[in-house]
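Per this note's numbering, the very first residue in the sequence shown carries number 1; after that it's consecutive.
Data first, discussion second: the structure below is written as structure tokens.
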Amino acid sequence: MGRSNIEGQTQLTDEILFSRYKAGDNASFNTLLAKHKNQVFTFILKMVKSQAHAEDIFQETFFKVVERREQFRSDVSFKAWLFTIARTTTIDALRKKKRTPEDLDDEGQIEGISVETNAHENVVEGELGSLLTEALKKLPPEQRETFVLRVKSELTFEEIGEVMVCSTNTVKSRMRYAMDTLGDYFRKKGLLKEIT
Numbered sequence: 001m002g003r004s005n006i007e008g009q010t011q012l013t014d015e016i017l018f019s020r021y022k023a024g025d026n027a028s029f030n031t032l033l034a035k036h037k038n039q040v041f042t043f044i045l046k047m048v049k050s051q052a053h054a055e056d057i058f059q060e061t062f063f064k065v066v067e068r069r070e071q072f073r074s075d076v077s078f079k080a081w082l083f084t085i086a087r088t089t090t091i092d093a094l095r096k097k098k099r100t101p102e103d104l105d106d107e108g109q110i111e112g113i114s115v116e117t118n119a120h121e122n123v124v125e126g127e128l129g130s131l132l133t134e135a136l137k138k139l140p141p142e143q144r145e146t147f148v149l150r151v152k153s154e155l156t157f158e159e160i161g162e163v164m165v166c167s168t169n170t171v172k173s174r175m176r177y178a179m180d181t182l183g184d185y186f187r188k189k190g191l192l193k194e195i196t
């Protein structure tokens with residue numbers, strides 16, 4: 001398939017691309033995978049804190065997407081459906097190990113650092129990523145998950161509500177509390193100025 005055809009497919013909505021995939025167009029699935037793989041992987045990694053475990057769950061997530069493709073309804077957000085599968089797959093994997101996201105340590109934690117940045121930017125990004133990881137530990141699980149879905153995975157409040165099976169107002173409230181807690185943490189570290 002030519003590059004221009006792939007670029008043309010990226011202009012289509014996720015729901016149309018997935019409907020095309022269900023009809024037998026594998027290139028549409030490849031476009032969706034390329035579009036969402038980093039966000040899904042980051043979301044999983046933030047929950048399990050282990051690169052190897054996250055890779056396994058990531059593969060299982062997309063296997064389930066393929067396996068459940070006929071269950072997808074085009075009147076719902078593909079992204080919310082995808083992240084619902086990623087979330088339940090991750091929670092199931094953690095239950096099998098009898099661990100919860102907040103019980104995990106940072107062993108194996110790898111922050112995504114772009115290969116396009118220079119060495120100084122990598123150090124700064126790594127330090128900020130470490131601080132954010134530490135700050136996220138201060139949040140209750142629901143707030144942490146809401147924050148990661150909103151900021152790292154770029155889901156809308158409505159999509160997060162679908163993924164977490166709660167109202168949009170609940171999502172907004174969790175996000176507000178998460179931002180307040182993170183703001184307090186960064187102010188104590190001297191990274192944010194106190195607003196008077």
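No residue lacks a Cβ here, since even glycine has one placed at the ideal position from N, Cα and C.
Since this is a predicted model, take the numbers as computed values, not measurements.
Next item on the list: Could you round the C-beta distance between Phe58 and Leu155 to whole angstroms and report it? I think they count as a contact, below 8 Å.
Entry: Within the sequence shown, residue 58 is the residue found at index 58, counting from 1. Within the sequence shown, residue 155 is the residue found at index 155, counting from 1. Their Cβ separation, rounded to whole angstroms, is 17 Å, which puts Phe58 and Leu155 out of contact at 8 Å.
Check: Where Glu60 and Lys35 are concerned, what is the direct C-alpha to C-alpha distance, given to the nearest angstrom?
Finding: For this step, residue 60 is matched to residue 60 along the sequence shown. For this step, residue 35 is matched to residue 35 along the sequence shown. The alpha-carbon atoms of Glu60 and Lys35 are separated by roughly 18 Å.
Checklist line | 8 Å contact criterion, which Met175 and Arg144 should meet: CB distance rounded | finding: Numbered from its first residue, the sequence shown carries residue 175 at position 175. Numbered from its first residue, the sequence shown carries residue 144 at position 144. Their Cβ separation, rounded to whole angstroms, is 11 Å, which puts Met175 and Arg144 out of contact at 8 Å.
Checklist line | Leu149 - DSSP class collapsed to helix/strand/coil | finding: The count along the sequence shown starts at 1 and reaches residue 149 at position 149. Residue state, collapsed to three classes: helix.
Notebook entry, point to check: Between Val65 and Ile44, is the Cβ-Cβ spacing less than 9 Å?
Noted result: As a first step, residue 65 must be located in the sequence shown, where it is residue number 65. As a first step, residue 44 must be located in the sequence shown, where it is residue number 44. Between Val65 and Ile44, the CB-CB gap reaches or exceeds 9 Å.
Notebook entry, point to check: For Ser74, which residues from the same chain have a beta carbon less than 7 Å from its beta carbon, with the 5 sequence-adjacent residues on both sides left out?
Noted result: Within the sequence shown, the letter at position 74 stands for residue 74. Correct list, in chain order: Glu15, Ser19.
Checklist line | Boundaries (first-last residue) of the alpha helix (DSSP H) holding Val171 | finding: Counting from one through the sequence shown, the residue named residue 171 turns up at place 171. Where Val171 is concerned, the enclosing alpha helix (DSSP H) stretches over 168-188.
Check: Is Phe63 buried or exposed, if buried means 16 or more other CB atoms sit within 10 Å of its CB?
Finding: The residue given as residue 63 occupies position 63 in the sequence shown. So Phe63 ends up on the exposed side.
Check: Do Glu162 and Val76 have their C-beta atoms closer together than 9 Å?
Finding: Position 162 of the sequence shown holds residue 162. Position 76 of the sequence shown holds residue 76. Going by C-beta atoms, Glu162 is nearer than 9 Å to Val76.
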